[in-house]
Each structure stands twice: as C-alpha cells, then as structure tokens.
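Enquirer: Supplied in structure tokens, the structure appears directly below.
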Amino acid sequence: MADSAARGFPAHFDPDGWEEDLARTTTAGREAAEAARRTYEQDGIPFDHLRRVEGEGRDGTVLPDCAKVYLPQPAGRFGMVFRAIKIDGRLHMAYLAFGVRHPPKDSRRPTVYQLAHQRIHGQPPSRSPS
Amino acid sequence: MAEQAHVQLSGDISGRYVVTERRPGGELTLAPDTSWSAIVERSGGRELTPEESAEFQREYAPLMLPPDDEP
Numbered sequence: 171m172a173d174s175a176a177r178g179f180p181a182h183f184d185p186d187g188w189e190e191d192l193a194r195t196t197t198a199g200r201e202a203a204e205a206a207r208r209t210y211e212q213d214g215i216p217f218d219h220l221r222r223v224e225g226e227g228r229d230g231t232v233l234p235d236c237a238k239v240y241l242p243q244p245a246g247r248f249g250m251v252f253r254a255i256k257i258d259g260r261l262h263m264a265y266l267a268f269g270v271r272h273p274p275k276d277s278r279r280p281t282v283y284q285l286a287h288q289r290i291h292g293q294p295p296s297r298s299p300s
Numbered sequence: 009m010a011e012q013a014h015v016q017l018s019g020d021i022s023g024r025y026v027v028t029e030r031r032p033g034g035e036l037t038l039a040p041d042t043s044w045s046a047i048v049e050r051s052g053g054r055e056l057t058p059e060e061s062a063e064f065q066r067e068y069a070p071l072m073l074p075p076d077d078e079p
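Sequence order for the protein chains is A and B.
So in the numbering used here, the last one in the first sequence is 300, and the numbering has no gaps at all.
So in the numbering used here, the last one in the second sequence is 79, and the numbering has no gaps at all.
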C-alpha cells in the first residue's frame, strides 16, 4: 500500500460535505479551511500536519482510520478530520468534517469530532464528553 | 432524532440526497447527502478493507503526530 508520496497523502475533498460545514462556520474558520484545502489539494497533506485520532475517543466518538489537522496550523481552534480511502488503487485522505475543536459549552454546537462521527455512523455519539 | 429519508435522484439533477422537510401536497425539501457512504461513493473510491486498515495503521501511523488528549 506504500503508494503515497514520501511526505504525505493525496487529499480528496467532497464538495457537499465541504459546503455544509463552511456554511455554519465563521469568517475566520472559512479562511483557515479554504487556505488548508488549497495547500492540501495542490501538495498533499504532510504527515507532520496529521495527528492520529484514537479509534474510540473519550467523548464517545468512534473514528476509525481517521486523522486530523488543527487549523490554522499548528494548533488553531479549528479542526479538519480526514479518513483513509482508496481511489484508483491509491491511498487518499478523504475530507470528513471541519469545525471547531472546543465550542463553548452553552452553544450546543457539535465539535468537529462529533460531526465526523455523525457522518460515519448516521447518529451522534452515544456518550457525552467526560 | 428520527433518521432522515434518503433519495437517489437521476435526470437533470442526480445523486444522493436526504429529505429535510415534507410539506402538504407531497412537496419535499432536499439537501445533499453528506454521510460517509455518500462521500465515498461520490469520490469514486472505496473504504479500506480490514486488512488495508491494519496496514494503514502499521505503515503510516508512526509517520503522523501521536494522538493527544482530544479525539
């Protein structure tokens, strides 16, 4: 499977998921997301931007084969979650979700991890954050 | 939360959508299906097999940053 570039993965961005997520973010979030997408589509996602995601998170999210980047790099307040897929036999990281990492507790907005979980499983995580 | 109905359109507009509202007279409001399975289908790709997933973890996880204290 070692068909990825030596320094990163090719990226695939789903237009519908992208539009849905950017429609509910802030101007700062949109700017961070769009800048990252331009870079990742052109050059791939560097390994050292990607942080591994636990298959089962402490917040109840279940995100297998996923990795995340914080935006703006390296530790911004937004997150983008990707999941590994094969396209034409090559490993790609497919865009899964974008959003805030830690929304204010009283906002009722989901975290980017909860958005990603919902997309994979069709329902919110069964557990609340501990 | 009730699960949304899914529809597949073909014609001038095609693709997978979800029904977000049903109005009297049968009128429907649709939105693109942004589920993972729809994302994979639109990509023209496929999910990893269990063997490929294990290989992904084995080969590439060490190249990425380690997990932190959030998911």
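Beta carbons are placed, not taken as given, at the ideal position from N, Cα and C, and that holds for glycine.
Among residues of its own chain, excluding the 5 on either side of A:Pro180, which ones have a beta-carbon nearer than 6 Å to its beta-carbon?
Expert: These residues qualify, in order along the chain: Gly214, His262.
Enquirer: Assuming A:Asp184 and B:Ser51 are in contact, meaning their beta carbons sit under 8 Å apart, how far apart are those beta carbons, in whole angstroms?
Expert: 7 Å
Enquirer: On the criterion of 16 or more Cβ atoms from any shown chain inside 10 Å, does B:Ala13 qualify as buried, or is it exposed?
Expert: exposed
Enquirer: With a threshold of 8 Å between beta-carbons, can A:Asp229 be considered close to chain B, or not?
Expert: yes
Enquirer: Output needed for A:Gln243: all residues of its chain with C-beta closer than 7 Å, excluding positions within five of it in sequence on either side, in chain order.
Expert: Cβ neighbours of A:Gln243 beyond the five flanking positions: His219.
Enquirer: Tell me, to the nearest whole angstrom, how far the beta carbon of A:Thr231 is from that of A:Tyr283; I am working on the premise that it is less than 8 Å.
Expert: 5 Å
Enquirer: If you run the structure through DSSP and keep just helix, strand and coil, what is A:Thr197?
Expert: helix
Enquirer: In whole angstroms, give me the CA-to-CA distance for A:Arg207 and B:Glu35.
Expert: 36 Å
Enquirer: In chain B, what lies closer than 8 Å to A:Leu266 by C-beta?
Expert: Trp44, Ile47
Enquirer: Might you give, ordered along the chain, the residues of its own chain that have their beta carbon closer than 8 Å to the beta carbon of A:Met171, omitting 5 neighbours on each side?
Expert: Low per-residue confidence applies at A:Met171: pLDDT is 42, beneath 50, and the placement is therefore not dependable, though the value from the model is reported in the following sentence. Result list for A:Met171: Leu261, in chain order.
Enquirer: Closer than 8 Å, CB to CB, is B:Ala69 near chain A or not?
Expert: Chain A, which has a Cβ nearer than 8 Å to the Cβ of B:Ala69, makes this yes.
Enquirer: Which bits of chain A does B:Gly53 rub up against, with CB to CB less than 8 Å?
Expert: His182, Ile255, Lys256, Ile257, Asp258, His262, Ala264
Enquirer: Do you know how far the Cα of B:Gly19 is from the Cα of A:Pro137?
Expert: The shown model of chain A, from 171 to 300, leaves out residue 137 of chain A, and the question about it has no answer.
Enquirer: Verify the CB distance criterion: does B:Asp20 have a CB-CB separation below 8 Å to chain A?
Expert: Chain A, which has no Cβ nearer than 8 Å to the Cβ of B:Asp20, makes this no.
Enquirer: Please name the residue or residues paired with B:Arg54 in a DSSP beta bridge.
Expert: Beta-bridge pairing links B:Arg54 to A:Lys256.
Enquirer: Which whole-angstrom value is the C-beta distance of A:Phe252 and A:Thr195, which I expect to be below 8 Å?
Expert: Their Cβ separation, rounded to whole angstroms, is 17 Å, which puts A:Phe252 and A:Thr195 out of contact at 8 Å.
Enquirer: From the DSSP secondary-structure annotation, give me the bridge partner or partners of B:Gln16.
Expert: B:Arg24
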